[in-house]
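One structure is given below, encoded as structure tokens.
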Amino acid sequence: MRSAIKVLVLLVVGFTVGVLAVRYRHNNTIPAPASESAPAESSQRAPSPPPAAPAPPPAAESAAVPALPDFSQLASRYSDSVVNVSTTTRGSSGGDDSQGQGGGGDRRFHGGPRGQMPGFPGGPGGPGGNDDGNDFWGPFERFFGPMPRRPQKSLGSGFVFDQSGYILTNNHVVEGGDEITVKLNSGKELKAKLVGRDPKTDVAVIKVEDESDLPAAIPFGDSDALKVGEWVMAIGNPFGLEHTVTAGIVSAKGRFIGQGNYDNFIQTDAAINPGNSGGPLINLRGEAVGINTSIFSRSGGNIGIGFAIPINLAKDLIPDLKEKGRVVRGWIGVMIQKVTPDIAESLNLPGAKGALVADVVKGGPAEGAGIKTGDVIVSFDGHDIKESTELPLLVARTPIGRDVDIKVIRGKEEKTITMKIAEMKDEETQVASKENESFGLTVQNLTPDLADSLGLPNDLKGVVVSGVSPGSTAEDAGLRRGDVILEVNRQAVTDVDAYRKQVGSLEKGKSLLLLVKRGDNTIFVAVKPPTG
Numbered sequence: 011m012r013s014a015i016k017v018l019v020l021l022v023v024g025f026t027v028g029v030l031a032v033r034y035r036h037n038n039t040i041p042a043p044a045s046e047s048a049p050a051e052s053s054q055r056a057p058s059p060p061p062a063a064p065a066p067p068p069a070a071e072s073a074a075v076p077a078l079p080d081f082s083q084l085a086s087r088y089s090d091s092v093v094n095v096s097t098t099t100r101g102s103s104g105g106d107d108s109q110g111q112g113g114g115g116d117r118r119f120h121g122g123p124r125g126q127m128p129g130f131p132g133g134p135g136g137p138g139g140n141d142d143g144n145d146f147w148g149p150f151e152r153f154f155g156p157m158p159r160r161p162q163k164s165l166g167s168g169f170v171f172d173q174s175g176y177i178l179t180n181n182h183v184v185e186g187g188d189e190i191t192v193k194l195n196s197g198k199e200l201k202a203k204l205v206g207r208d209p210k211t212d213v214a215v216i217k218v219e220d221e222s223d224l225p226a227a228i229p230f231g232d233s234d235a236l237k238v239g240e241w242v243m244a245i246g247n248p249f250g251l252e253h254t255v256t257a258g259i260v261s262a263k264g265r266f267i268g269q270g271n272y273d274n275f276i277q278t279d280a281a282i283n284p285g286n287s288g289g290p291l292i293n294l295r296g297e298a299v300g301i302n303t304s305i306f307s308r309s310g311g312n313i314g315i316g317f318a319i320p321i322n323l324a325k326d327l328i329p330d331l332k333e334k335g336r337v338v339r340g341w342i343g344v345m346i347q348k349v350t351p352d353i354a355e356s357l358n359l360p361g362a363k364g365a366l367v368a369d370v371v372k373g374g375p376a377e378g379a380g381i382k383t384g385d386v387i388v389s390f391d392g393h394d395i396k397e398s399t400e401l402p403l404l405v406a407r408t409p410i411g412r413d414v415d416i417k418v419i420r421g422k423e424e425k426t427i428t429m430k431i432a433e434m435k436d437e438e439t440q441v442a443s444k445e446n447e448s449f450g451l452t453v454q455n456l457t458p459d460l461a462d463s464l465g466l467p468n469d470l471k472g473v474v475v476s477g478v479s480p481g482s483t484a485e486d487a488g489l490r491r492g493d494v495i496l497e498v499n500r501q502a503v504t505d506v507d508a509y510r511k512q513v514g515s516l517e518k519g520k521s522l523l524l525l526v527k528r529g530d531n532t533i534f535v536a537v538k539p540p541t542g
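The opening position of the sequence shown corresponds to residue 11 in my numbering, with each subsequent residue numbered one higher.
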């Protein structure tokens, strides 16, 4: 019995010692590096999970950056629809076309109204030539009659908009050309004729004689729906390099760049160079939204500022150009100018917006309806007028014979005047946008003899500016000798005494509003008070 108990005790003690020994060994053994670990341990122990990736930000906080557009399909689809337009003027005077003579070329600002790059179509005369050639041939022609002239050529772009043969381009590309040639991407050349042109907007329509080989037309888009920052593509023939594709974005809309009363350009940074004129500006939907026409450059090359005519403007003109060869526009017979903050203050207007009527054409619709000089047109046919440049476009697009309501501010009252839109004749001008000028003047009475010397009616009443003080506000604004002041603060002045009386009644610190006759134009001038 005792022997059995001893054996049992020894077994318990041995087991306990063994367990303690195993624990001791486990706790005091230095673990081997991961690369040296025993295969048995690595196969039994699961690998540590990788660190958790940070949670993505909420959808509202993540700025989705769209991928850059691929223009390759659009370029492939429409390159054939863009054509090379060249014109030849036979018997025209001037130098040879290798020096840039001829009509056409591209409009370029701060460098001439047409491109004048040597070796490419240029402006009047171009470098190394003259405008009319008479400097050289004149003496000979007096004795021997007209001398032969070298044909002049110009080059630009255009695009098919109607597969029955019609092509849209710029007026300055085809202006004055006796022969028009359209060259397709395939190399085939087609003769074309001028259907109609509009110098005021620089739009022209030509038609090829054989339209059987003409490529597909480019559909029109909606230029009013364009957004600043939207991608666009230009196709043309810059510097004679045919069917060049460039891309960029819409930089601005509604640009007025001083080319005329109907300026409403799309500005883009898509590269436009001499030779691109008349080519299309295309959106990502494959629609023509503009006609490339002008660049802003001192060197003649692209610097990221190009201008295109909105296609919606061209769409309005095409029916008239097809049917009549010219554009029929509405006309109301007013001369307008910008409402500046100084003029707004002088007229007690709530803000510097609207179109200020500087003159009313005698016998025109405006005079018959009761529009007066000094009225500020703030609404035309339901459209608010914020800038004076908006009015000519609205009037021009209005159908002839239509009655429209025009809201004007006269003094402190707002009036609604109804008038019938008349047709603008070629010799008539819809508006003349005049920069306002602003004091330090010497004036004298306007005598009949003085009026006659200035080419003015003998019965005109007012005072003549005989001197402008250097450094004065009048000089800063551009008032000059020979200007005739007709009104001061909306009161007629017939002599120097009346002028001084009105100037003397002006409250201190207020601007002076003058109505000035300069040549054939009448303009308002807001004159700031002298400083110091």
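Backbone N, C-alpha and C define an ideal beta-carbon position, used for all residues, glycine too. Nothing here was measured: the structure is a model prediction, and the numbers come from that model.
Run of the alpha helix (DSSP H) containing residue i, from where it starts to where it stops
i      : result
Val337 : Element bounds for Val337: n/a, residue is neither H nor E.
Lys511 : 506-514
Asn455 : From DSSP, Asn455 is part of no alpha helix (DSSP H) but of the beta strand (DSSP E) over 451-455.
Asp459 : 458-463
Arg10  : Residue coverage of the chain in this structure runs from 11 to 542, which leaves residue 10 outside it and unanswerable.
Gly178 : Note that residue 178 corresponds to Leu in the displayed sequence, not to Gly. Counting along the chain, Leu178 falls outside any alpha helix (DSSP H), though it belongs to the beta strand (DSSP E) covering 176-180.
Ala376 : 375-379
Ala536 : Element bounds for Ala536: not the alpha helix (DSSP H) but the beta strand (DSSP E), 531-537.
Ser9   : Nothing about residue 9 can be reported from this structure: the residues present for the chain run from 11 to 542 only.
Ser82  : 82-88
Host beta strand (DSSP E) of residue i (start-end)
i      : result
Pro320 : 316-320
Glu189 : 189-193
Arg528 : 522-528
Ser96  : 92-99
Ile228 : That residue, Ile228, is in no beta strand (DSSP E); it is neither H nor E in DSSP.
Residue(s) in a DSSP beta bridge with residue i
i      : result
Lys425 : Val418
Thr278 : Val260, Gly316
Met243 : Ala257, Ile292
Gly300 : Pro320
Gly206 : Val215
Lys201 : Thr191
Glu252 : Note: Glu252 sits in no beta bridge, so no partner.
Lys430 : Asp413
Gly166 : Val95
Phe266 : According to DSSP, Phe266 bridges with nothing at all.
Val386 : Leu366, Ile419
Asp172 : Tyr176
Asp394 : Ser389
Ile353 : Bridge partners of Ile353: none, in fact.
Contact under 7 Å by Cβ, residue i with residue j
i      : j      : result
Asn6   : Gly288 : Outside the modelled stretch of the chain, which goes from 11 to 542, sits residue 6, for which no answer is possible.
Phe534 : Leu366 : yes
Ser521 : Asp352 : yes
Tyr509 : Val473 : yes
Thr99  : Gly206 : no
Thr191 : Ser82  : no
Val475 : Asp493 : yes
Val299 : Ser233 : yes
Tyr176 : Lys203 : no
Val213 : Leu327 : yes
Asn302 : Leu291 : yes
Val255 : Ala77  : no
Lys10  : Thr426 : Any answer about residue 10 is impossible in this case: the structure gives the chain only from 11 up to 542.
Ile381 : Ile410 : no
Leu523 : Ala484 : no
Ile282 : Ala235 : no
Ile305 : Gly296 : no
Glu185 : Lys201 : no
Asn181 : Pro209 : yes
Ile276 : Ser91  : no
Trp241 : Pro79  : yes
Ile321 : Phe230 : yes
Val506 : Asn455 : yes
Glu221 : Ser167 : no
Tyr272 : Thr179 : no
Within-7 Å CB hit, residue i to chain C
i      : result
Asn247 : Here chain C cannot be found, since the structure has a single protein chain.
>> I want to know whether the region 513-521 touches the region 399-407 - three or more CB-CB distances under 8 Å.
In response: Contact fails: fewer than three Cβ-Cβ distances are below 8 Å.
>> Check whether the region 185-199 and the region 254-265 are in contact - that is, three or more C-beta pairs closer than 8 Å.
In response: At 8 Å Cβ cutoff, the stretches do not touch.
>> If contact is defined by three or more beta carbon pairs under 8 Å, each pair taking one atom from either stretch, is the region 339-357 in contact with the region 370-389?
In response: Counting Cβ pairs under 8 Å, three or more are found: they touch.
> What runs of the alpha helix (DSSP H), each 4 residues or longer, lie entirely inside the region 470-501?
Replying inline: Qualifying alpha helix (DSSP H) stretches, in chain order: 483-487.
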